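The structure under discussion appears below in the form of structure tokens.
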Amino acid sequence: MQVDMTVNGQEVSEEIEPRHLLVHFIRDQLGLTGTHWGCDTSNCGTCVVLIDGEPVKSCTTLAAMAGGHDVQTVEGMEVDGELDPVQEGFMQCHGLQCGFCTPGMMLTARALLNNDPNPTEEVIREAISGQICRCTGYSTIVRSIQWAAAHESAVTVGTSNGSAS
Amino acid sequence: MQVPAPFEYERANNVAEAIALRERLGPEARFIAGGHSLLPMMKLRLANPEYLIDINDCEELFYISEDGGEIRIGAMTRHRELLESELLAEHFPIFRDAEEVIADPVVRNRGTLGGSLCQADPSEDLSAVCTTLDASCVIKSTSGERVVSMHDFHVGPYETAVGDAEMLTEIRIPLKANGGSAYEKVERRAGDWAVVSSGAAVWFDGDTIAEGRVGLAAVGPNTTSIDPVSEALRGATPSEDLYQQVGEIAAANCSPQDDQRGSAAYKTHLAMELTKRALRRAVARANGQEA
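So the sequence lines, in the order shown, correspond to chains A and B. Using this note's numbering, the first residue of the first sequence is number 268, and each one after it goes up by one. Using this note's numbering, the first residue of the second sequence is number 29, and each one after it goes up by one.
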């Protein structure tokens, strides 16, 4: 079957098998390997992408179901050489060590800040609670998101496809 | 790599289209809502439908409203909306209790009420919530609609009253005065399936309980209401002795099994203790003593 969707602001139209999962479509068919493939059971959250601005586990979503929707992956966070403040925050506050969970963590953080520009620590921890990090103990991830919140209030931030949920 | 077996994909734009597709494609077709129960089962080849009918575009199934003395919830309403709904929190705080401990926020962005009920997993929380609240389910087909109680809806593990050419479209919960409700769950880790959970709801007439219900999850093949509990609560005055008595009735009326989540004896103990706690909180909420 044919599937059409927007990925990081670009229209894509591809021939797929209906059983193709979104994570494999993004990685193998579009070559966007920033989205990681982890537990395959919707537990670890490293495969999180944004669909219409909302974090979704792409290992438990069919590519066909994303048809007609806006998908954003970690590759779409940087625009014209400018890092998203969330990416900058992860760099400034050491929000990663091995980096495996990072793409999903950053996209969930992006969606959170689009909905709530000044989240409390409790709200941040709840928002990322569907994602597992085995390096940082989460404290530096929380600080990274707080850094982004503090630094983006001054500038207008949009996702590449402009779809804040 | 876990990948489902091959199937054909169809997308329905509205309920009429969805039911027509289901009728045409027959018993080997399944609706897919959020997909967070069905796709894992398909990846493990525990479910092998020949056709999937995607109903995420059926916009008329996304709502929570108050109508005719009932709260009506569209079958595609997602966990996140159930968690965040002020209307539900006002009338049935049991929903927020349960939603806070169902999976995680990202999964809750996709999973739906209708999908949860139709999955009919005996450990599933929303079936216990709907049983506790004496909800009924609206099932549609090309020949019309029928309304069934949760008791009749939940036929057995992974089995519901929804026929091959039918669709669950709405859940209705009766609004009754002076009520309170609560949900208690024990899980091995945050967001896991319940080891045991218990929901309780009470409605008062003055100082006595006019009606009370308890719904349990993960303690046997069925998630049904416990009639002896309702009988013990009818006309009773709340007390610690009453909560103990009802907890013991709940424990005596469930049939948990030993598994990796715990022994049957432990789960029976939890059924008693969680029923006591849920009932205590439901009464406090009905009396305006707890949010």
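We put the beta carbon where it would ideally sit given N, CA and C, even for glycine. The structure presented is a predicted model; accordingly, all values stated were derived computationally and were not measured.
### Members of the stretch 306 to 325 of chain A that neighbour chain B once the beta carbon cut-off is set at 9 Å
Those residues of the stretch 306 to 325 of chain A that come within reach of chain B (Cβ to Cβ, closer than 9 Å) are D307, T308, S309, N310, G312, V315, I318, E321, P322, V323, K324.
### Query
Within 10 angstroms of its Cβ, does A:S325 collect 16 or more other Cβ (buried), or is it exposed?
Indexing the first sequence from 1 puts residue 325 of chain A at position 58. Per the 10 Å Cβ criterion, buried.
### Query
When DSSP labels each residue in this structure, what does B:S226 get in the three-state scheme?
Locating residue 226 of chain B in the second sequence gives position 198, counting from the first residue. Here B:S226 sits in strand by DSSP.
### Query
Between A:G276 and B:P266, what straight-line distance do the alpha-carbon atoms span, to the nearest angstrom?
Reading the first sequence from its first residue, position 9 is the one you call residue 276 of chain A. Reading the second sequence from its first residue, position 238 is the one you call residue 266 of chain B. Straight-line Cα distance between these residues: approximately 59 Å.
### Task
Could you tell me which residues DSSP puts in a beta bridge with B:G102?
Numbered from its first residue, the second sequence carries residue 102 of chain B at position 74. Paired residue(s): B:E198.
#### Entry: Residue-level contact to chain A via CB, B:D82, 8 Å cutoff
One-based indexing of the second sequence puts residue 82 of chain B at position 54. Interface residue, yes.
### Message
So A:S396 contacts chain B; which residues on that side make the cut at Cβ distance below 8 Å?
### Response
As a working mapping, residue 396 of chain A is identified with position 129 in the first sequence. Those are D132, P133, A218, G219, listed as they occur along chain B.
### Query
Under 8 Å Cβ-Cβ, which residues of chain A neighbour B:G63?
By 1-based counting over the second sequence, the position of residue 63 of chain B is 35. Result: T327, T328, L329, M332.
### Task
Check the Cβ-Cβ distances between A:E389 and every residue of chain B, and say whether any is below 8 Å.
The residue labelled residue 389 of chain A in the question sits at position 122 within the first sequence. Taking Cβ atoms only, chain B never reaches closer than 8 Å to A:E389, which makes this a no.
### Query
Relative to the alpha-carbon of B:T159, which residue among B:A306, B:N84, B:A229 has its alpha-carbon at the smallest distance?
Here the question's residue 159 of chain B lines up with position 131 in the second sequence. Ranking B:A306, B:N84, B:A229 by Cα distance to B:T159 puts B:A229 first.
### Task
Count the other CB atoms, across all protein chains shown, that sit within 10 Å of the CB of A:E238; report buried if there are 16 or more and exposed otherwise.
Outside the shown range of chain A (268 to 432) lies residue 238 of chain A, about which nothing can therefore be said.
### Query
Along the stretch 404 to 415 of chain A, what residues have a CB closer than 9 Å to any CB found in chain B?
none
### Query
Taking the runs of the beta strand (DSSP E) that are 3 residues or longer, which of them lie wholly in the stretch 283 to 324 of chain A?
315 to 318, 321 to 324
#### Entry: Given A:Q354 as reference, the closest of A:V290, A:D307, A:R410 once Cα atoms are compared
For the purposes of this step, residue 354 of chain A is identified with residue 87 of the first sequence, where counting begins at 1. Among A:V290, A:D307, A:R410, the Cα nearest to that of A:Q354 belongs to A:R410.
### Query
The beta strand (DSSP E) with B:S169 in it runs from where to where?
Taking the first residue of the second sequence as 1, we reach residue 169 of chain B at position 141. Residues 164 to 169.
#### Entry: For B:N137 and B:D85, believed in contact at Cβ under 8 Å, the rounded distance
For the purposes of this step, residue 85 of chain B is taken as residue 57 along the second sequence, with counting starting at 1. For the purposes of this step, residue 137 of chain B is taken as residue 109 along the second sequence, with counting starting at 1. With 8 Å as the limit, B:D85 and B:N137 do not qualify as a contact, their Cβ atoms being about 17 Å apart.
### Query
Can you find a heavy atom of the ligand COA that lies under 7 Å from the Cβ of B:A279?
The model depicted lacks the ligand COA and carries no ligand whatsoever.
### Message
Closest to B:P249 by C-alpha separation, out of B:Y186, B:R241, B:C165, B:E268, would be which residue?
### Response
Stepping through the second sequence from its first residue, residue 249 of chain B is reached at position 221. Ranking B:Y186, B:R241, B:C165, B:E268 by Cα distance to B:P249 puts B:Y186 first.
### Backbone secondary structure at B:S253 - three-state DSSP
Here residue 253 of chain B is taken as the residue at index 225 of the second sequence, counted from 1. Reduced to three states, the DSSP call for B:S253 is strand.
### Query
Whose Cβ in chain A lies nearer than 7 Å to the Cβ of B:Q30?
In the second sequence, counting from the first residue as 1, residue 30 of chain B sits at position 2. Ordered by position in chain A, the residues that pass the 7 Å Cβ test against B:Q30 are D307.
### Task
Whole angstroms is fine: what's the gap from B:S144's alpha carbon to A:H303's?
Residue mapping note: residue 144 of chain B aligns to position 116 of the second sequence, counting from 1. Residue mapping note: residue 303 of chain A aligns to position 36 of the first sequence, counting from 1. Whole-angstrom Cα-Cα distance: 27 Å.
#### Entry: As assigned by DSSP and simplified to three states, the class of B:W231
Along the second sequence, one-based indexing puts residue 231 of chain B at 203. Three-state result, B:W231: strand.
### Range of the contiguous alpha helix (DSSP H) that encloses A:E355
The count along the first sequence starts at 1 and reaches residue 355 of chain A at position 88. Note, A:E355: alpha helix (DSSP H), 352 to 359.
### Limits of the beta strand (DSSP E) - the one that B:S93 falls within
In the second sequence, the residue the question calls residue 93 of chain B occupies position 65. Counting along the chain, the beta strand (DSSP E) containing B:S93 begins and ends at 92 to 95.
#### Entry: Nearest candidate by alpha-carbon position, reference B:V242, set B:L141, B:E78, B:D153, B:K71
Reading the second sequence from its first residue, position 214 is the one you call residue 242 of chain B. When each option's Cα is compared against that of B:V242, the closest is B:D153.
#### Entry: Per-residue contacts from A:M268 into chain B (C-beta, under 7 Å)
The sequence position of residue 268 of chain A within the first sequence is 1, counting from 1. In chain order: Y37.
### Task
With 8 Å as the limit, tell me which residues of the stretch 275 to 286 of chain A have their beta carbon closer than that to any beta carbon of chain B; keep them in chain order.
E284, P285, R286
### Query
What does DSSP give as the partner residues of A:V279 in its beta bridges?
If you number the first sequence from 1, residue 279 of chain A lands on position 12. Its beta-bridge partners are A:M272.
### Query
How would you write the range of the beta strand (DSSP E) that B:I122 sits in, first residue to last?
Working through the second sequence from its first residue, we reach residue 122 of chain B at position 94. Note, B:I122: premise wrong, no beta strand (DSSP E); alpha helix (DSSP H) at 122 to 127.
### Exposure label - B:M29; buried when at least 16 CB within 10 Å
Taking the second sequence and counting its residues from 1, one reaches residue 29 of chain B at position 1. Its Cβ having fewer than 16 others within 10 Å, B:M29 is exposed.
### Query
Given that A:T375 touches chain B, what residues does it touch there, using C-beta distances under 9 Å?
Here residue 375 of chain A refers to the residue found at position 108 of the first sequence. Within 9 Å Cβ-Cβ: P133, V134.
### Message
List, in chain order, every chain A residue whose beta-carbon is nearer than 8 Å to that of B:R138.
### Response
For the purposes of this step, residue 138 of chain B is taken as residue 110 along the second sequence, with counting starting at 1. The contacting residues are V323, K324, T327, T328.
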